[in-house]
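Quick note, in the working numbering, the sequence shown goes up one by one and the last residue is 400.
Cβ coordinates follow ideal geometry from the N, Cα and C atoms, glycine included.
Quick notes on the structure that follows.
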Amino acid sequence: MPLVHGTEIFQAARKGHYCVGAFNTNNLEWTRAILGAAQEKNVPVLIQTSMGAAKYMGGYELCQKLIEATVKSMDITVPVIIHLDHGDYEAAKEAIAAGYNSVMFDGHDLPFAENVEKTKEIVKLAHAKGISVEAEVGSIGGEEDGVVGEGELASVEEAKELAATGIDFLAAGIGNIHGQYPANWTGLHFDRLKEIGEAVDLPLVLHGGSGIPQDQVEKAISMGISKLNINTECQLSFAKATREYIEAGKDQEGKGYDPRKLLAPGTKAIADTVKEIIGWMGTKEVKMVPEEI
Ligand code: 13P
């Protein structure tokens, strides 16, 4: 079973100046599309659930088992990391107990000292089980599944302090936003990313990956971004393909209303989007038989 924690994969990406995709899943179709795309491209992949998606799907245990069983049933051989995206303290503990390979503890809305203390506790619990941990400094603008960020720029000193808790990768607010970027968005703050990249030797995470121009993402990767989070782009692709199917009246032809037919174009669209992003992100192909856990 190619389920792995994320530490070595993202460290290798940081050292090699490339990036590994982290894609949010919402259900079975999303899970199959993401895993199938990674297998086709022969690259490692991180598949993540937000707290909201996990609640929607029926809880952390169900999500973990669904992804693990899908990996098995699709004969996936590339390394797969099952990760919690933007978990609060309780969610991180639940995901660890449910057997996730990796968790993000997002304490950005806590006083910084409390964020550090709670991150340390999560690192202790997670590392005892070989699970990797992501933490967040500064905050990501926009809203994702009820987690709202004002888009506060990460401080270099706080980045160093959070990195010293023993986390495996660090998400830093550098002007990135969840969801669609507004027309007046001024771009990523490369000066701050450079300072953080020089001060912190960990793989860095770029949230809000959907809609950032490719040249900015490539520049960010060259400065230490090793994990690119993508959610909205897959949602938009799914919605567009599903709308086209309905608008063409295909749900009214024969048994076109059957969910297996109705959801097929959207599922394919997610897979195409994932493959396209993996293609330009420069993720290195898997050369070895993946390590088992
Ligand atoms: P987007 O929805 O903007 O791609 O952001 C995804 C993300 O950062 C998940 O944490």
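{"Query": "What did DSSP end up calling S344 once you bin it into helix, strand or coil?", "Result": "helix"}
{"Query": "Hey, which unbroken runs of the alpha helix (DSSP H) at 4 residues or more fall wholly within the stretch 285–356?", "Result": "297–306, 321–329 and 339–354"}
{"Query": "Taking buried to mean at least 16 other C-beta atoms within 10 Å of its own C-beta, is D275 buried or exposed?", "Result": "buried"}
{"Query": "Enumerate in chain order the residues of its own chain whose CB-to-CB distance from E201 is below 6 Å, with the five nearest sequence positions on each side excluded.", "Result": "Y167"}
{"Query": "Mind checking K148: buried by the 16 CB within 10 Å criterion, or exposed?", "Result": "buried"}
{"Query": "Starting from L217, follow its DSSP beta bridges and name the residues at the other end.", "Result": "Beta-bridge pairing links L217 to no other residue."}
{"Query": "Output the residue ranges of the alpha helix (DSSP H) runs that lie fully inside the stretch 152–185 and measure 4 residues or longer, sorted by chain position.", "Result": "158–164 and 167–180"}
{"Query": "Regarding I337 and the ligand 13P, is the C-beta to nearest heavy atom distance less than 6 Å?", "Result": "yes"}
{"Query": "For M388, which beta-bridge partners are listed by DSSP?", "Result": "Beta-bridge pairing links M388 to no other residue."}
{"Query": "Identify every residue that forms a DSSP beta bridge with G128.", "Result": "L335"}
{"Query": "Return the CA-CA distance between K334 and F297, expressed in angstroms with no decimal places.", "Result": "16 Å"}
{"Query": "Strictly by DSSP, which residues pair up with H190?", "Result": "Q155 and S209"}
{"Query": "Counting C-beta neighbours from all protein chains within 10 Å, is the total for W387 16 or more, i.e. buried, or is it exposed?", "Result": "exposed"}
{"Query": "Out of S344, G294 and A278, which one is the CA nearest neighbour of H215?", "Result": "A278"}
{"Query": "Is L260 helix, strand or coil when you go by DSSP?", "Result": "coil"}
{"Query": "Could you check whether the stretch 304–320 touches the stretch 114–121, counting it as contact only if at least three pairs of C-beta atoms, one from each stretch, sit closer than 8 Å?", "Result": "yes"}
{"Query": "Can you round the beta-carbon distance between E259 and S246 to whole angstroms, since I take them to be within the 8 Å contact cut?", "Result": "5 Å"}
{"Query": "Taking only three categories from DSSP, how would you classify E360?", "Result": "coil"}
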